[in-house]
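Chains as they are written, first to last, in our numbering: chain A, 1 to 249; chain B, 1001 to 1249. First the structure, in the form of C-alpha cells, and then the observations on it.
Protein chains: 2
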Amino acid sequence: MTQTPRERARAQTMAEILSIGRAQLAEHGAAGLSMRAVARELGVVSSAVYRYVASRDELLTLLLVDGYNALGDTVDQAVDSVPSDDFSAQWRALGRAVREWGLAEPARYGLLFGAPVPGYEAPAAQTTEPGTRVVLRLVRLIEDAYKAGVLDDQMPGQTPGQTPGRRPGQAPAQAPAANFAAVREELALEVPDAVLARGILVWTALFGAVNFEVFGQYGAATFADPAALFELHLDSLAHILGLRHPGTR
Amino acid sequence: MTQTPRERARAQTMAEILSIGRAQLAEHGAAGLSMRAVARELGVVSSAVYRYVASRDELLTLLLVDGYNALGDTVDQAVDSVPSDDFSAQWRALGRAVREWGLAEPARYGLLFGAPVPGYEAPAAQTTEPGTRVVLRLVRLIEDAYKAGVLDDQMPGQTPGQTPGRRPGQAPAQAPAANFAAVREELALEVPDAVLARGILVWTALFGAVNFEVFGQYGAATFADPAALFELHLDSLAHILGLRHPGTR
DNA sequence: CACAAGTCAAGAGCGGTGCTCACTTAAGTT
DNA sequence: AACTTAAGTGAGCACCGCTCTTGACTTGTG
C-alpha cells in the first residue's frame, strides 16, 4: 500500500497543522485555539485549513486524542522501564510520569483533565480508548500485583469483618456501591471489590495532586518543594494500595 | 451611612451584572464570557458595562471570588450543621458539600479548580483569602480533632519507627519534604508533620474525586452510582485521616 | 438660584474570531 | 495531451474585547 504523492503531501500538511495546533494550545489555551492563527502559521489563507480539518471542534478532537496518546505513551514507557516484578516501583514510575508530563505540558494536560471546553463535546468513539489508557495501566498494575500475591488484600489497619469508621448495624457502603462487578468483568479482573475501590481512590488522588500542582492551586509560595510533597503522596498512596517495596516484610 | 439613590442604583446594576456573568459563565465557560453579551442581557449598549467593571478580567476576578465565597459559605454551613465534636461527620459534610456544589455549579467549579483561563492571572490580593477557605476549614477540622485527641496520630497500619514502602537506609521523605513547619507556624497549628501531610493528601484526593465527576472524566456509563462511590471514598479518606466515628473503638 | 464640575450612557470604530462559498490554479492521473 | 480534482484564494457574514469621543444628566457650591 504505497501512497500517492498527493496523499504524502496531505499527510504532511495534516501533521503540520497538528503541530501548529499544539503550539497554539500551549500559548493561548483550548478556547484560544484559532483556525485563522493556524492558517497564518501555515502560510495559507484561513479557509484553506478547512480542506484538512472540518471544523475547530474536529481540530480540538484531534489534539485531544493526540494528548491522551502522548501521555499514555509516556506512562507506558516509564512503567515499562522498571522491573516487571517491582510493582511499587511501577506505581511510582506511573505517578511520576503523569506529574512530569503534566508539568511539562500544562496546556495539553489542562485540555485533558481540566474543565471541559464549553460548547465542545468530545466524541466518545474516538476519545474513550486513548482517554482510558492511564487508568487501564494502573488497574493492570494492581491486578498483576494482586495475582503475584504481593498485594495486601485489606485496607491497612482494617481488621476483617469490621468496616472502620462505620457504626455497627449501618449498612456497609462497599457492597451496593458503584457496580464494580461490571467493571471487573469488562476488564477481566480478578481483584476483589475492596482492592478495586482502593485503586480508583488512588487514581483520583493521583490526578487530584497533579491537578493542583499543574493548575497552580497550591499557591506557589506555600510549599517550598512540591516534588518532595508529591513523593510523599506517592508513598502514602502506595501504602493505601497495599504495595510494598520488594524485600520489605 | 445611608446610601444615595445613585449608589443604590449602581449597587443593584452591579449585582445584576454579576448575576448575568454567572449565567454567561455557566453557558459559555470562562473563555466565552462576553462583555457585549452581558450588556445585551442588561439591556444596555456594550460600552456602558465598562462604567461598572473596568475590564473583562476584572469581571472574571469578581466572579472568581464570588464563586470561592459561594463554595466557602456552602461548606461552612454544611460543617457547622453537624455536632462540633463529631469530626468524622464534619469531614463527610465538608466533602459532600464540595461535591454537591461542584455538581450543581459545574461552570463555576471549573472556573475555580479547572485549568487556568489562558491570559488571565488571578490577582492574589483579592483571590487568595476566599480561595483558601475550604482548605483552611479542613485543616482546622483536623487540628480540632487532633487537639480533642480523637485522631490517630499515625498512619493506619504503620508501626512506629518504620516508614512502610521504603527500604531501610533510604532517607525518609517525611523530614525534608515541603516545609510543613512554615505552614504550621503560619496557621498556628499543633498537629505534627505526618498528620499535616495526610491532611494535604486527603485534600487533594477529595478534589481529585470531585474533579473527575464534575468534569465528566468518569465516563458516565462506567460507574452506575457515582454518589455511592464518593461515599466510599469519603470513608477511605476518613480512615486515612485517622478519623473514626465517635463511639467506635 | 445658576452654573461649573463631575458622572455616566451611548455610539462609532479597530482589529480580531469561526465559517461559507464561488472561484482560480496547479498538480496527479489516465 | 487531456482531463479530473485537490488545493488555495478572497470576499463576506456575524460575532468578539476594547478605546475614544460625544452628549445628557446630576450634584455641589458661589
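Where is the CB? At the ideal position from N, CA and C, for every residue including glycine. Quick caveat, the model's predicted, so the values are computed rather than measured.
Check: Can you give the Cα-Cα distance for Leu-1196 (chain B) and Leu-1206 (chain B), rounded to whole angstroms?
Finding: Taking the straight line joining both Cα atoms gives about 15 Å.
Note to self: Against chain A, does Pro-1083 (chain B) count as a neighbour if the rule is that its beta carbon must be under 8 Å from one of theirs?
What the structure shows: It does not: the Cβ of Pro-1083 (chain B) has no partner Cβ on chain A nearer than 8 Å.
Check: Helix, strand or coil for Val-49 (chain A) per DSSP?
Finding: helix
Item checked: Against chain B: residues of the stretch 96 to 108 of chain A by CB proximity under 7 Å -> none
Notebook entry, point to check: On the three-pair Cβ rule with 8 Å, is the stretch 1098 to 1110 of chain B touching the stretch 1031 to 1042 of chain B?
Noted result: no
Note to self: Taking a contact to mean a Cβ-Cβ separation below 8 Å, would you say Leu-71 (chain A) touches Leu-112 (chain A) in this structure?
What the structure shows: yes
Note to self: So, with DSSP's three-state summary, where would you put Thr-127 (chain A)?
What the structure shows: helix
Notebook entry, point to check: Between Thr-1074 (chain B) and Ala-1097 (chain B), is the Cβ-Cβ spacing less than 8 Å?
Noted result: yes
Checklist line | Cβ contact check for the stretch 137 to 151 of chain A and the stretch 184 to 198 of chain A: 3 or more pairs under 8 Å | finding: yes
Notebook entry, point to check: Since Ile-240 (chain A) meets chain B, which of its residues come closer than 8 Å, beta carbon to beta carbon?
Noted result: Ser-1236 and Ile-1240
Notebook entry, point to check: Between which two residues does the alpha helix (DSSP H) carrying Tyr-1120 (chain B) extend?
Noted result: Tyr-1120 (chain B) -> no alpha helix (DSSP H), and no H or E assigned at all.
Next item on the list: Look at the Cβ atom of Ser-46 (chain A), then the Cβ atom of Arg-56 (chain A), and state whether they are nearer than 8 Å.
Entry: Judged by beta-carbon spacing, Arg-56 (chain A) lies beyond the 8 Å limit of Ser-46 (chain A), meaning their Cβ atoms are not closer than that value.
Next item on the list: Kindly indicate which residue of A:Gly-32, A:Gly-95, A:Tyr-50 and A:Ala-30 has the alpha-carbon position closest to the one of Ser-236 (chain A).
Entry: A:Gly-95
Item checked: Distance, Ala-1031 (chain B) Cα to Val-117 (chain A) Cα -> So the alpha carbons of these two residues sit roughly 9 Å apart.
Check: Mind checking if Leu-1018 (chain B) is an interface residue toward chain A, Cβ cutoff 8 Å exclusive?
Finding: no
Notebook entry, point to check: Looking only at C-alpha atoms, which of B:Tyr-1052, B:Ile-1200 and B:Glu-1100 sits nearest to Glu-213 (chain A)?
Noted result: B:Ile-1200
Notebook entry, point to check: Whose C-beta lies closer than 7 Å to the C-beta of Val-1082 (chain B) among residues of the same chain, with five residues either side of it excluded?
Noted result: Ala-1089, Gln-1090 and Ala-1093
Check: Do you know offhand how far Gly-1067 (chain B)'s Cα is from Leu-25 (chain A)'s?
Finding: 26 Å
Margin query: Measuring alpha carbon to alpha carbon, tell me which residue in A:Leu-241, A:Thr-61, A:Asn-69 and A:Tyr-109 is nearest Val-139 (chain A).
Written below: A:Leu-241
Margin query: For Pro-123 (chain A), count the other beta carbons within 10 Å of its own beta carbon; 16 or more makes it buried, fewer makes it exposed. Which is it?
Written below: exposed
Check: Leaving out the 5 sequence neighbours to the left and right, which residues in its chain are closer than 7 Å to Pro-226 (chain A) when beta-carbon positions are compared?
Finding: Taking Pro-226 (chain A) as the centre and dropping the five residues before and after it, the same chain places the C-beta of Glu-213 and Tyr-218 closer than 7 Å to its C-beta, in chain order.
Item checked: Which of helix, strand or coil DSSP assigns to Arg-1244 (chain B) -> coil
Next item on the list: Taking only the alpha-carbon atoms, compute the straight-line gap between Leu-62 (chain A) and Tyr-109 (chain A) and give it to the nearest angstrom.
Entry: 14 Å
Item checked: Nearest to His-1233 (chain B) (by Cα), restricted to the options A:Gly-114, A:Leu-229, A:Val-202 and A:Ala-181 -> A:Val-202
Checklist line | Limits of the alpha helix (DSSP H) - the one that Ser-88 (chain A) falls within | finding: Unbroken alpha helix (DSSP H) run through Ser-88 (chain A): 87 to 104.
Notebook entry, point to check: Helix, strand or coil for Phe-1223 (chain B) per DSSP?
Noted result: coil
Check: Which class does Thr-13 (chain A) belong to by DSSP, given the choice of helix, strand or coil?
Finding: Three-state result, Thr-13 (chain A): helix.
Notebook entry, point to check: Does DSSP classify Glu-190 (chain A) as helix, strand or coil?
Noted result: coil
Next item on the list: Label Ala-238 (chain A) either buried or exposed according to how many other C-beta atoms from any shown protein chain fall within 10 Å of its C-beta, with 16 as the threshold for buried.
Entry: buried
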